[in-house]
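Below is one structure, written out as structure tokens, with a few remarks after it.
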Amino acid sequence: MDYSGIFTYMYTETALAGVIVATLLYDLIAGRRGRRFFHGFVCFLMLAFIAGTIWPYSSAEAEVFGGMYVYNPVYGIVKSILAIGTLIVFLQADTWLRREDTAFKRGEFYVLTLSTLLGMDFMISSGHFLMFTIGLELASVPLACLVAFDKYKGNSAEAGAKFILSALFSSGLMLYGISFLYGTAGTLYFDDMGFMLEGNALQVMAMVFFFAGLAFKLSLVPFHLWTADTYQGAPTAVTSYLSVVSKGAAAFTLMMILIKVFSPMIQYWQLMLYIVIVLSITVANIFAIRQKNLKRFLAFSSISQAGYIMLAVISGTSYGMTSLIFYVLVYMAANLAAFGVISAVEQHSGGKLDMDDWNGLYKTNPKLAVTMMLALFSLAGIPPFAGFFSKFFIFASAFEEGFHVLVLIALLNTVISLYYYLLVVKAMFINRNDTPIAAFRTDASTRTGLVLCLAGILALGIVSSVFDGINAFSFGCL
Amino acid sequence: MNILSLFPAIPLLMMLGLWISKNLKQIHAVMVTGASALLALSVALVVLYLGMRADGQIAAMLFTGGFTWYAPLNIRYDVGVDGISVAMLLLSSVIVFTGTFASWKMTDGAKEFFMWFCLLSIGVFGFFISLDLFTMFMFYEVALIPMYLLIGVWGTGRKEYSAMKLTLMLMGGSALILIGILGIYFGSGATTMNIIEIASLHNIPLPLQKVWFPIVFIGFGVLGALFPFHTWSPDGHASAPTAVSMLHAGVLMKLGGYGCFRVAMFLLPDAAQELSWIFIILTAVSVVYGAFSACVQTDLKYINAYSSVSHCGLVLFAILMMNTTATTGAVLQMLSHGLMTALFFALIGMIYGRTHTRDIRELSGLMRIMPFLSVCYVIAGLANLGLPGLSGFVAEMTIFNGAFMENDTFHRVVTVIACTSIVITAVYILRLIGKILYGTCTNPEHLKLTDATWDERLAVIVLIVCIAGLGLAPMWISGMISDSVVPMISHILN
Numbered sequence: 003m004d005y006s007g008i009f010t011y012m013y014t015e016t017a018l019a020g021v022i023v024a025t026l027l028y029d030l031i032a033g034r035r036g037r038r039f040f041h042g043f044v045c046f047l048m049l050a051f052i053a054g055t056i057w058p059y060s061s062a063e064a065e066v067f068g069g070m071y072v073y074n075p076v077y078g079i080v081k082s083i084l085a086i087g088t089l090i091v092f093l094q095a096d097t098w099l100r101r102e103d104t105a106f107k108r109g110e111f112y113v114l115t116l117s118t119l120l121g122m123d124f125m126i127s128s129g130h131f132l133m134f135t136i137g138l139e140l141a142s143v144p145l146a147c148l149v150a151f152d153k154y155k156g157n158s159a160e161a162g163a164k165f166i167l168s169a170l171f172s173s174g175l176m177l178y179g180i181s182f183l184y185g186t187a188g189t190l191y192f193d194d195m196g197f198m199l200e201g202n203a204l205q206v207m208a209m210v211f212f213f214a215g216l217a218f219k220l221s222l223v224p225f226h227l228w229t230a231d232t233y234q235g236a237p238t239a240v241t242s243y244l245s246v247v248s249k250g251a252a253a254f255t256l257m258m259i260l261i262k263v264f265s266p267m268i269q270y271w272q273l274m275l276y277i278v279i280v281l282s283i284t285v286a287n288i289f290a291i292r293q294k295n296l297k298r299f300l301a302f303s304s305i306s307q308a309g310y311i312m313l314a315v316i317s318g319t320s321y322g323m324t325s326l327i328f329y330v331l332v333y334m335a336a337n338l339a340a341f342g343v344i345s346a347v348e349q350h351s352g353g354k355l356d357m358d359d360w361n362g363l364y365k366t367n368p369k370l371a372v373t374m375m376l377a378l379f380s381l382a383g384i385p386p387f388a389g390f391f392s393k394f395f396i397f398a399s400a401f402e403e404g405f406h407v408l409v410l411i412a413l414l415n416t417v418i419s420l421y422y423y424l425l426v427v428k429a430m431f432i433n434r435n436d437t438p439i440a441a442f443r444t445d446a447s448t449r450t451g452l453v454l455c456l457a458g459i460l461a462l463g464i465v466s467s468v469f470d471g472i473n474a475f476s477f478g479c480l
Numbered sequence: 462m463n464i465l466s467l468f469p470a471i472p473l474l475m476m477l478g479l480w481i482s483k484n485l486k487q488i489h490a491v492m493v494t495g496a497s498a499l500l501a502l503s504v505a506l507v508v509l510y511l512g513m514r515a516d517g518q519i520a521a522m523l524f525t526g527g528f529t530w531y532a533p534l535n536i537r538y539d540v541g542v543d544g545i546s547v548a549m550l551l552l553s554s555v556i557v558f559t560g561t562f563a564s565w566k567m568t569d570g571a572k573e574f575f576m577w578f579c580l581l582s583i584g585v586f587g588f589f590i591s592l593d594l595f596t597m598f599m600f601y602e603v604a605l606i607p608m609y610l611l612i613g614v615w616g617t618g619r620k621e622y623s624a625m626k627l628t629l630m631l632m633g634g635s636a637l638i639l640i641g642i643l644g645i646y647f648g649s650g651a652t653t654m655n656i657i658e659i660a661s662l663h664n665i666p667l668p669l670q671k672v673w674f675p676i677v678f679i680g681f682g683v684l685g686a687l688f689p690f691h692t693w694s695p696d697g698h699a700s701a702p703t704a705v706s707m708l709h710a711g712v713l714m715k716l717g718g719y720g721c722f723r724v725a726m727f728l729l730p731d732a733a734q735e736l737s738w739i740f741i742i743l744t745a746v747s748v749v750y751g752a753f754s755a756c757v758q759t760d761l762k763y764i765n766a767y768s769s770v771s772h773c774g775l776v777l778f779a780i781l782m783m784n785t786t787a788t789t790g791a792v793l794q795m796l797s798h799g800l801m802t803a804l805f806f807a808l809i810g811m812i813y814g815r816t817h818t819r820d821i822r823e824l825s826g827l828m829r830i831m832p833f834l835s836v837c838y839v840i841a842g843l844a845n846l847g848l849p850g851l852s853g854f855v856a857e858m859t860i861f862n863g864a865f866m867e868n869d870t871f872h873r874v875v876t877v878i879a880c881t882s883i884v885i886t887a888v889y890i891l892r893l894i895g896k897i898l899y900g901t902c903t904n905p906e907h908l909k910l911t912d913a914t915w916d917e918r919l920a921v922i923v924l925i926v927c928i929a930g931l932g933l934a935p936m937w938i939s940g941m942i943s944d945s946v947v948p949m950i951s952h953i954l955n
């Protein structure tokens, strides 16, 4: 067997493994002085990693390990997006990581986060359900540690327990579904399976189980019950990672597998997604209205955003895939900006996360308030910010395939979502407060992260080249 | 660069200028420079446009240009203007210019206020120059969202409630527009989202048109204060700061009428013919109901807001008549209503700034105290009730003339009903003028008040000159408009 593919087609994973090893070694070797540069070192490594892997190795699909691992330029794009998201999370986590109670665990945070990223990369590139499962587990188990990172805090530990239990349950469901698939098709290779499925009852059930497993990761309704508690309890940096990078990877993988494996059963999964989308968007929006804690609020917002992402999946076209990747990218910029602001305020105000505490934030911290507002506008889909464009594209992709009523429901839901996003804007800009959050200066690292996000929010929509670049490599059901 | 692209570009530069300006003086300098540039640009555009038409250029759109934006969906940035949009651009720049002076005394957060104001005008200008459905819709939404903060932060009264209500209702409308745009684009099988191209293909099947026409018409109609979707308008206008009321009632509500005509009726003509009766009834209700509501209000801004519902209803009423005369009248009414409602709101803002009340029960005898503002208020009122020589007369005369040309019973009856609004308007305007301007002043506090300052006089005089100009010499502009309306109407009817 030829293993040269490890260094050619698998360059992303190989390089990322190198980064993980380097981080681990640095954590071991660096002394008291060296640890002060740990953050800079990791960010530099990530930057080098992104710069080195962002250009596709070749424009044709290729297989490594006899089809277990599949290289495709569009996978490379998704992986780069996830890596950029991780870098921004690192930048924004620094304030939190420099606190006394977390500083000594700094290395663990980096290694665990990068391990989940590696798992997601394998999951995306899998060509076989075994590889997929390994990648998924590698992406979930370290995340549970991260969620419970502030383990001395009750709600962080609780969040970790909730997360690991639901992750295990969903993995179990998914493996059960995969075993049905193996039983009926006699193979676990994606490429072979596409020909073996005819849509009998057992296979439909297998698909539903498989979908339920990933829906837990995506926190789609009715598999969303863990989300709000976990998002609230986890450290903010981890929450943002969970809501953006983890979700983006799961959404893309779901679409990829639905297209590659389950394309003969398209009418079944379109019906299934139809119901799940309507439920996710509507239920999450209604719950989000009543939230007072900003992290819980963004948890419900992210559930409804996951529903919108599924609008791109339901189309099953290559254009839908482009819209999905673009949506994830734009969503990443906006959501990371929102969480970055939340994290900064949380660290500098002693954990003020209640919406009423944020009243009058604009008076004391205008730049952060404006950043938050732009992020929320982008999430709500207000032009000229990027979220408008990404929402338009997913609506167009679903509409093109004839889901007119679904798009109308989703569009009417954007009005509800605008309402609760405006509640936060109202708190920051309009409401008065006698004891507002005091003015403070964020550090350079957080600011860099926020500026990157803002650049994304402002430029991704107006400049069409990113979308065109993604579109050149996407694929869909034929 | 296309001359039309300057219209959104100048407010963008103004925003940058405001961002770096440090004190009120610099802010004013940026605003005056930019607003004057816009005004000059739109006047130059009118002159150039008329010149090109006189040279015999008969293309539907002039000054066309653009580039491919999102190739996979055939989205282009396409601009071009015809007589209708030229008139609207002129109106917008006049309102932006006068709005700047009307908010001259804004000191609390002036920088942010004017930045949002500029963003609003980017949306407005961009909307009127766009030929591409996507770009048009994008600018439309750009114009909506600044309203939330402009009303919420700088407004008065129940500002938070009004701001939220306005934003959500208009966004609900824009959700309908968006799905309508997708329906039109995918239904027509066009290779671009260009309005002219989709119209010339003219191949959306009638059943589909019947689905999308009401959706798009209601979507734009929300902004055009179509009954029963007008409820955001009185609250929003009453709470908004002066310049925002001016821009919103003066220009933004015209986006609704313009969109109804340019998108809903022009692109879905067959359904427009079949279903117009539903909307004719609704708009006739708007016209009469708005006027009656204005009669019983006691807040100056509410009176004007309901009067706007009535007058904007007349715009939609006229375009639904689908003949050249009525539609030309509709565009004239947009101009006329834009100018006079802006004048009204400017004057109300100035009176409120002095008396700190807008309740007509507490105001009286203002003519003695502030003669300049009062005389201007009378002029605005007379324009509103359609006195010959002022713009309102020209517009309403043309509309009712055109509406009466449709010689079946249904159209005749609704026209007669809509005509009654003229009388009702006269009732509430004259009652209002008599109550607050004449008589003796009962509040001794008001006796100490002063008349308009130079910036206020400038804003008011510019608007009055435009109103009188439109009323005394309407032919050049109505000719320009009807030249562009004729081909559109013949497209809708065939």
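If you read the protein sequences in the order shown, they are chains A and B. Quick note: the first sequence, position 434, residue 436 per my numbering, numbers continuous. Quick note: the second sequence, position 95, residue 556 per my numbering, numbers continuous. The beta-carbon is built from N, C-alpha and C at its ideal position, and this holds for glycine as well.
Cβ-Cβ distance between residue i and residue j below 8 Å
i	j	result
residue 376/A	residue 387/A	yes
residue 396/A	residue 460/A	no
residue 126/A	residue 254/A	yes
residue 570/B	residue 703/B	no
residue 250/A	residue 84/A	yes
residue 675/B	residue 736/B	yes
residue 577/B	residue 607/B	yes
Same chain only: Cβ atoms within 6 Å of residue i, ignoring 5 sequence neighbours per side
i	result
residue 89/A	48
residue 763/B	695 and 699
residue 422/A	290 and 291
residue 731/B	667 and 670
residue 562/B	916, 919 and 920
residue 270/A	206
Host alpha helix (DSSP H) of residue i (start-end)
i	result
residue 805/B	785-816
residue 834/B	832-845
residue 524/B	Taken as a continuous stretch (DSSP letters only), residue 524/B belongs to no alpha helix (DSSP H), being part of the beta strand (DSSP E) at 523-531.
residue 724/B	Neither: residue 724/B is in no alpha helix (DSSP H) and is coded neither H nor E.
Interface partners of residue i on chain A, CB under 8 Å
i	result
residue 633/B	414 and 417
residue 628/B	420 and 424
Same chain only: Cβ atoms within 7 Å of residue i, ignoring 5 sequence neighbours per side
i	result
residue 224/A	281
residue 373/A	339, 343, 452 and 456
residue 613/B	620, 621 and 624
residue 293/A	299 and 302
Cross-chain neighbours of residue i in chain B, by beta carbon under 7 Å
i	result
residue 398/A	534 and 643
residue 261/A	Ordered by position in chain B, no residue passes the 7 Å Cβ test against residue 261/A, which lies about 18 Å from the chain.
Enclosing beta strand (DSSP E) for residue i [first to last residue]
i	result
residue 200/A	Residue 200/A -> no beta strand (DSSP E), and no H or E assigned at all.
Contact set between residue i and chain B, taken where Cβ atoms lie within less than 9 Å
i	result
residue 410/A	636, 637, 640 and 676
Interface partners of residue i on chain B, CB under 8 Å
i	result
residue 386/A	599 and 603
Cutoff 8 Å; reference residue i; Cβ partners in own chain excluding five residues on either side
i	result
residue 6/A	none
- the stretch 196-216 of chain A touching the stretch 262-279 of chain A, judged by at least three CB pairs closer than 8 Å: yes
- Task: Say whether the stretch 464-474 of chain B touches the stretch 497-507 of chain B, bearing in mind that this needs 3 or more beta-carbon pairs closer than 8 Å, one atom from each stretch.
- Result: Per the Cβ contact rule, the stretch 464-474 of chain B is in contact with the stretch 497-507 of chain B (3 or more Cβ pairs under 8 Å).
- May I ask you to verify whether the stretch 624-641 of chain B touches the stretch 596-616 of chain B, counting CB pairs closer than 8 Å and requiring at least 3? yes
- Given 8 Å, three or more beta-carbon pairs between the stretch 756-770 of chain B and the stretch 818-828 of chain B: Segments in contact, yes.
- Query: Using 8 Å as the threshold, is the stretch 676-689 of chain B in touch with the stretch 619-628 of chain B, meaning 3 or more CB pairs across them?
  - Reply: no
- Item | Validate contact between the stretch 833-846 of chain B and the stretch 924-933 of chain B using beta carbons, cut 8 Å, 3 pairs | yes
- Message: Taking contact to mean 3 or more Cβ pairs, one atom from each stretch, closer than 8 Å, check whether the stretch 474-494 of chain B and the stretch 513-528 of chain B are in contact.
- Response: no
- Message: Check whether the stretch 146-165 of chain A and the stretch 234-247 of chain A are in contact - that is, three or more C-beta pairs closer than 8 Å.
- Response: yes
- Query: Between the stretch 590-599 of chain B and the stretch 537-549 of chain B, do three or more beta carbon pairs fall short of 8 Å?
  - Reply: As far as the Cβ criterion goes, the stretch 590-599 of chain B touches the stretch 537-549 of chain B, which means the pair count is three or higher.
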